[in-house]
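Novice: Numbering (the UniProt record's numbering), first residue to last: 1 to 250. Every residue, glycine too, gets a C-beta built ideally from N, C-alpha and C. Keep in mind that this is a model prediction, so the values were computed, not measured. The structure is given below, and queries will be raised subsequently.
Right, dumping it as structure tokens:
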């Protein structure tokens with residue numbers, strides 16, 4: 001993104017977009033959504049047992065940092081960073097919420113949840129980074145280091161959309177057939193190795209899918225324009241004749 005000069009940034013970010021951002025005085029709803037997402041993310045991160053106390057502390061600390069940086073920024077950057085902050089809150093809340101399902105009695109050092117947290121952040125970062133670099137190539141002509149990154153990221157996004165549709169359909173199906181499923185007797189004694197493998201793979205796919213669902217919130221276009229407006233903030237302000245008070249609303 002460092003390769004993008006102000007002239008290119010000016011061509012990609014129209015005056016109408018900037019005027020809409022600067023003149024948007026209805027920021028209360030955005031603040032309420034951020035606060036609601038923060039509180040919900042904290043709530044789902046709370047431990048179901050004392051086993052996960054350390055993960056709740058880490059989650060609340062990370063969420064607190066994200067929320068603090070948002071509320072202490074000026075009004076302009078609150079508007080610009082809204083999408084990115086929403087993504088960060090939901091991604092963090094989702095990852096730490098799912099650690100609850102990785103309870104292993106013999107794992108007294110919490111190896112599985114720790115590995116899951118690190119790997120999840122790495123995969124999520126890979127997805128949003130490639131979404132961003134792919135858009136930089138398409139819209140700004142910046143070449144990709146890996147030519148396969150763009151198509152792969154697009155496929156991941158489409159798969160996540162399909163996964164979300166399946167989860168919603170499955171939830172509706174479960175609610176409408178709950179009485180029948182509760183009376184269904186399933187015995188693990190007669191299960192074959194193949195069935196265990198199928199269930200294991202299915203659970204892993206479910207875990208990965210749920211972990212990456214928040215990446216659908218992330219908008220690379222808004223992220224790039226946010227960074228460019230921050231980088232060339234004074235240049236844009238002087239170009240369109242805004243005062244510091246009008247621009248930053250401080």
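(1) CB of residue 239 to nearest heavy atom of the ligand ADP: below 8 Å?
(2) Which of helix, strand or coil does DSSP assign to residue 143?
(3) Buried or exposed for residue 93, going by 16 or more other Cβ atoms inside 10 Å?
(4) How would you label residue 232, buried or exposed, when you count the other beta carbons within 10 angstroms and need 16 or more for buried?
(5) For residue 59, which of 239, 169, 235 and 38 has the nearest alpha-carbon?
(6) With distance defined between alpha-carbon atoms, name the residue in 87, 83 and 71 nearest to residue 211.
(7) Leaving aside the five residues before and after residue 101 along the sequence, list all residues of the same chain whose C-beta is less than 7 Å from its C-beta, in chain order.
(8) Take the Cβ of residue 199 as the centre, count every other Cβ of all protein chains shown within 10 Å, and call the residue buried at 16 or more, exposed below.
(9) In or out: residue 169 buried (at least 16 other Cβ within 10 Å) or exposed?
(10) On the three-pair Cβ rule with 8 Å, is the segment 212-232 touching the segment 123-133?
(11) Apply the 10 Å Cβ neighbour rule to residue 111 and answer buried if 16 or more other Cβ atoms are within range, or exposed otherwise.
(12) Return yes when the Cβ of residue 83 is within less than 9 Å of the Cβ of residue 223, no when it is not.
(13) Around the Cβ of residue 32, are there at least 16 other Cβ atoms within 10 angstroms (buried) or fewer (exposed)?
(14) How many Å lie between residue 6 and residue 166 at the Cα?
(15) If the criterion is Cβ atoms closer than 9 Å, does the pair residue 164 and residue 216 meet it?
(16) Could you round the C-beta distance between residue 249 and residue 76 to whole angstroms and report it? I think they count as a contact, below 8 Å.
(17) What does a CB cutoff of less than 7 Å around residue 8 pick up in its chain, not counting 5 residues either side in sequence?
(18) Which term fits residue 172, buried or exposed, when burial requires 16 or more other beta carbons within 10 angstroms of its beta carbon?
(19) Please report the Cβ distance between residue 120 and residue 95, rounded to the nearest whole angstrom; I am assuming they are in contact, meaning their Cβ atoms lie under 8 Å.
(20) In this structure, does DSSP put residue 58 in helix, strand or coil?
(21) Helix or strand or just coil, what does DSSP make of residue 7?
(22) Identify the continuous alpha helix (DSSP H) that holds residue 236 and give its terminal residues.
(23) For the alpha helix (DSSP H) holding residue 2, just list the boundary residues, first then last.
(24) In this structure, how does DSSP classify residue 30 when only helix, strand and coil are distinguished?
Specialist: In brief:
(1) You won't find the ligand ADP in this model; it holds no ligand whatsoever.
(2) If you number the chain shown from 1, residue 143 lands on position 143. In this structure, DSSP gives residue 143 a state outside helix and strand, which the three-state scheme calls coil.
(3) For the purposes of this step, residue 93 is identified with residue 93 of the chain shown, where counting begins at 1. Result: buried.
(4) Position 232 of the chain shown, counted from the start, is the residue given in the question as residue 232. The residue is buried, with at least 16 neighbouring Cβ atoms inside 10 Å.
(5) For the purposes of this step, residue 59 is taken as residue 59 along the chain shown, with counting starting at 1. Comparing Cα-Cα distances from residue 59 to each of 239, 169, 235 and 38, the minimum goes to 38.
(6) Along the chain shown, read from residue 1 onward, the residue named residue 211 stands at position 211. Ranked by how close their Cα comes to the Cα of residue 211, the residues 87, 83 and 71 have 87 in first place.
(7) Here residue 101 refers to the residue found at position 101 when the chain shown is read from its first residue. Excluding sequence neighbours, residue 101 sits near nothing in its chain.
(8) For the purposes of this step, residue 199 is identified with residue 199 of the chain shown, where counting begins at 1. Looking at its Cβ environment, which holds fewer than 16 other Cβ atoms inside 10 Å, residue 199 is exposed.
(9) In the chain shown, counting from the first residue as 1, residue 169 sits at position 169. Label assigned to residue 169: exposed.
(10) Between the segment 212-232 and the segment 123-133, the count of Cβ pairs shorter than 8 Å is three or higher; the stretches touch.
(11) The residue given as residue 111 occupies position 111 in the chain shown. Counting C-beta atoms within 10 angstroms of its own C-beta, residue 111 has fewer than 16 neighbours from the protein chains shown and is therefore classed as exposed.
(12) The count along the chain shown starts at 1 and reaches residue 223 at position 223. The count along the chain shown starts at 1 and reaches residue 83 at position 83. Yes, the Cβ-Cβ distance between residue 223 and residue 83 is below 9 Å.
(13) As a first step, residue 32 is located in the chain shown; it is residue number 32 there, counting from the start. By the neighbour-count rule (16 or more Cβ atoms within 10 Å), residue 32 is not buried but exposed.
(14) Here residue 6 refers to the residue found at position 6 when the chain shown is read from its first residue. Here residue 166 refers to the residue found at position 166 when the chain shown is read from its first residue. Rounded to whole angstroms, residue 6 to residue 166 spans 44 Å at the Cα level.
(15) Translated into positions along the chain shown, residue 164 becomes position 164. Translated into positions along the chain shown, residue 216 becomes position 216. If you check the CB distance, residue 164 and residue 216 come in under 9 Å.
(16) Indexing the chain shown from 1 puts residue 249 at position 249. Indexing the chain shown from 1 puts residue 76 at position 76. Residue 249 to residue 76, Cβ: 6 Å. Contact.
(17) By one-based count along the chain shown, residue 8 stands at place 8. Excluding positions up to five away in sequence, the list reads 140.
(18) Translated into positions along the chain shown, residue 172 becomes position 172. Per the 10 Å Cβ criterion, exposed.
(19) Here residue 120 refers to the residue found at position 120 when the chain shown is read from its first residue. Here residue 95 refers to the residue found at position 95 when the chain shown is read from its first residue. Residue 120 to residue 95, Cβ: 5 Å. Contact.
(20) Position 58 of the chain shown, counted from the start, is the residue given in the question as residue 58. Helix, per DSSP.
(21) For the purposes of this step, residue 7 is identified with residue 7 of the chain shown, where counting begins at 1. Assignment of residue 7 by DSSP, reduced to helix, strand and coil, places it in the helix class.
(22) As a working note, residue 236 is residue 236 in the chain shown. Its alpha helix (DSSP H) spans residues 233-240.
(23) Position 2 of the chain shown, counting from 1, holds the residue named residue 2. Neither: residue 2 is in no alpha helix (DSSP H) and is coded neither H nor E.
(24) Walking along the chain shown from the start, residue 30 turns up at place 30. Of the three classes helix, strand and coil, the one that applies to residue 30 here is helix, per DSSP.
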